[in-house]
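Peer 1: One structure follows; several queries about it will come next.
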Amino acid sequence: MDYEKIANERRSIRGYKPESIPKDIMNEIISVAKQAPSSMNSQPWHVHVVTGDPLERIRNGNTAKMMAGAAPDREISSHGGYTGVHRERQKGVAGQLFEAMGIPWDDKERRTDWAMRGFRQFEAPVSVVGTIDRVLAHSTVAYLDLGQFIYGMVLAAWDRGIGSVINGQGISQSSVVREHANIPEDEIIVITVAMGYPADGFPANNVESERRPTEQIVTYVGYDG
Ligand SMILES: Cc1cc2nc3c(=O)[nH]c(=O)nc-3n(C[C@H](O)[C@H](O)[C@H](O)COP(=O)(O)O)c2cc1C
1 MDYEKIANER RSIRGYKPES IPKDIMNEII SVAKQAPSSM NSQPWHVHVV
51 TGDPLERIRN GNTAKMMAGA APDREISSHG GYTGVHRERQ KGVAGQLFEA
101 MGIPWDDKER RTDWAMRGFR QFEAPVSVVG TIDRVLAHST VAYLDLGQFI
151 YGMVLAAWDR GIGSVINGQG ISQSSVVREH ANIPEDEIIV ITVAMGYPAD
201 GFPANNVESE RRPTEQIVTY VGYDG
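1 is the number of the first residue of the sequence shown in the numbering used here; add one for each residue after it.
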């Protein structure tokens with residue numbers, strides 16, 4: 001597939017077939033992703049590909065903590081909830097997903113179930129935990145580096161018929177992830193990515209999220225003068 005086709009057609013996948021992703025295919029995907037550029041070629045990234053029993057323990061640990069009303073326990077700093085235009089965009093895609101899944105806005109129970117699906121890594125057969133070297137925890141550019149790696153991974157997966165959703169909910173209880181994925185102390189947990197073969201007929205998988213018009217994003221300087 002060519003890059004433009006993959007970039008334009010990829011969408012987040014939130015419903016999966018049960019079969020796992022073979023290790024050699026994951027290895028191919030990660031080998032493509034590692035070609036991402038990084039600041040001074042520092043390559044501060046690591047990925048931990050979790051499946052089977054350890055992933056089940058993460059799902060169950062997350063569920064137990066979230067149901068008990070535990071406060072978020074992340075290793076990276078957070079801005080809190082979005083406001084303004086960012087909140088509007090967040091509501092936009094949530095509305096598209098709820099509509100696809102037939103969940104009314106005022107149905108709190110089903111909305112909670114949907115949120116729990118995120119904490120359960122969308123029941124995906126594989127969850128990839130993305131980390132950076134702890135020594136760079138205060139280097140904003142290291143997070144940019146990891147982000148580039150992760151997007152490369154998502155696109156390389158799509159190219160092989162494998163879907164994914166980058167999943168911030170997956171790190172809400174990072175101590176659970178750290179314990180069961182056995183993350184080394186010299187790395188900090190930044191993100192999880194749910195991955196697997198897209199389930200046929202799972203309505204949220206067809207949602208096409210919106211993008212701002214290009215002219216709202218770009219400012220050209222020196223072009224007309
Ligand atoms: C850093 C990051 C965190 C995300 N966390 C979640 C999440 O917790 N739950 C979820 O359903 N989607 C999550 N997403 C997926 C976004 O909602 C999705 O990428 C966005 O709505 C655009 O849709 P698309 O990926 O289908 O193009 C996350 C994406 C990124 C990049």
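For each residue, glycine too, the CB sits at the ideal point set by N, CA and C. Since the model is a prediction, treat every value here as computed from it, not as a measurement.
Tell me which residues share the same chain as residue 146 and place their Cβ nearer than 6 angstroms to its Cβ, disregarding the 5 neighbours each side in the sequence.
Peer 2: Excluding positions up to five away in sequence, the list reads 45, 130, 132, 190.
Peer 1: Residue 165 and residue 49 look like a contact to me (Cβ under 8 angstroms); what is the Cβ gap, rounded to whole Å?
Peer 2: Not confirmed; about 16 angstroms, so no contact.
Peer 1: What number of angstroms, rounded off, separates the C-alpha of residue 117 from the C-alpha of residue 222?
Peer 2: The alpha-carbon atoms of residue 117 and residue 222 are separated by roughly 48 angstroms.
Peer 1: Closer than 7 angstroms by C-beta to residue 13: which residues in its own chain qualify, once you throw out the five before and the five after it? Chain order, please.
Peer 2: 163, 164, 165, 198, 205.
Peer 1: So, using beta-carbon positions, are residue 175 and residue 72 closer together than 8 angstroms?
Peer 2: It is not a contact, given that the beta carbons lie outside the stated cut-off.
Peer 1: In terms of residues, what are the limits of the alpha helix (DSSP H) holding residue 147?
Peer 2: It spans 140-159 - the alpha helix (DSSP H) in which residue 147 sits, taken as one unbroken run.
Peer 1: With a threshold of 8 angstroms, are at least 3 pairs of Cβ atoms found where one atom belongs to the stretch 140-157 and the other to the stretch 28-46?
Peer 2: The stretch 140-157 vs the stretch 28-46: in contact.
Peer 1: Rounded to the nearest angstrom, how far is the Cβ of residue 167 from that of residue 122, given a contact under 8 angstroms?
Peer 2: The Cβ separation is near 7 angstroms, so the contact holds.
Peer 1: Exposed or buried, which one is residue 62 when buried takes at least 16 other CB atoms within 10 Å?
Peer 2: The residue in question, residue 62, is buried, as its Cβ has 16 or more Cβ neighbours within 10 Å.
Peer 1: When you compare the CB positions of residue 195 and residue 126, do they come within less than 8 angstroms of one another, or not?
Peer 2: Cβ atoms of residue 195 and residue 126: closer than 8 angstroms.
Peer 1: At what residue ranges does the stretch 52-128 contain a whole run of the alpha helix (DSSP H), taking only runs of 4 or more?
Peer 2: As far as the stretch 52-128 is concerned, its whole alpha helix (DSSP H) runs of at least 4 residues are 52-67, 84-101, 108-119.
Peer 1: Considering only the alpha carbon of each residue, which of 4, 210, 179, 55 lies closest to residue 228?
Peer 2: Nothing in the structure corresponds to residue 228, since the chain is present only between 1 and 225.
Peer 1: Around the Cβ of residue 105, are there at least 16 other Cβ atoms within 10 angstroms (buried) or fewer (exposed)?
Peer 2: Exposed.
Peer 1: Tell me which residues share the same chain as residue 178 and place their Cβ nearer than 7 angstroms to its Cβ, disregarding the 5 neighbours each side in the sequence.
Peer 2: Same-chain partners within the cutoff: 189.
Peer 1: Use the C-beta contact count for residue 3: other C-beta atoms within 10 angstroms, 16 or more gives buried, fewer gives exposed.
Peer 2: With fewer than 16 other Cβ atoms within 10 Å, it is exposed.
Peer 1: Less than 7 angstroms separating the Cβ of residue 174 from some heavy atom of ligand 1?
Peer 2: No, since every heavy atom of ligand 1 falls outside the 7 angstroms radius drawn around the Cβ of residue 174.
Peer 1: Identify, in the order they occur along the chain, each residue of the same chain with its Cβ nearer than 6 angstroms to the Cβ of residue 152, setting aside the five sequence neighbours on each side.
Peer 2: For residue 152, where only same-chain residues beyond five positions count, the Cβ hits under 6 angstroms are 33, 36.
Peer 1: Hey, quick one: how far does the alpha helix (DSSP H) through residue 29 stretch, first residue to last?
Peer 2: Residues 23-33.
Peer 1: Quick one: is the Cβ of residue 206 within less than 7 angstroms of any heavy atom of ligand 1?
Peer 2: Flag unset: Cβ of residue 206 not near ligand 1.
Peer 1: Note down the Cα distance separating residue 58 from residue 219, rounded to an integer number of angstroms.
Peer 2: Those two C-alpha atoms are separated by around 44 angstroms.
Peer 1: Got a sec: does ligand 1 put a non-hydrogen atom nearer than 7 angstroms to the Cβ of residue 212?
Peer 2: Result no, Cβ not under 7 angstroms from ligand 1.
Peer 1: Cβ of residue 118 versus every heavy atom of ligand 1: is any distance shorter than 7 angstroms?
Peer 2: Within the cutoff, so yes.
Peer 1: Could you give the first and the last residue of the continuous alpha helix (DSSP H) run that contains residue 214?
Peer 2: 214-217 is the extent of the alpha helix (DSSP H) around residue 214.
Peer 1: Can you name, in chain order, every residue of its own chain whose Cβ lies under 6 angstroms from the Cβ of residue 149, other than the five neighbours on each side?
Peer 2: If we look at residue 149 and ignore the five residues flanking it on each side, its Cβ neighbours are 33, 36, 45.
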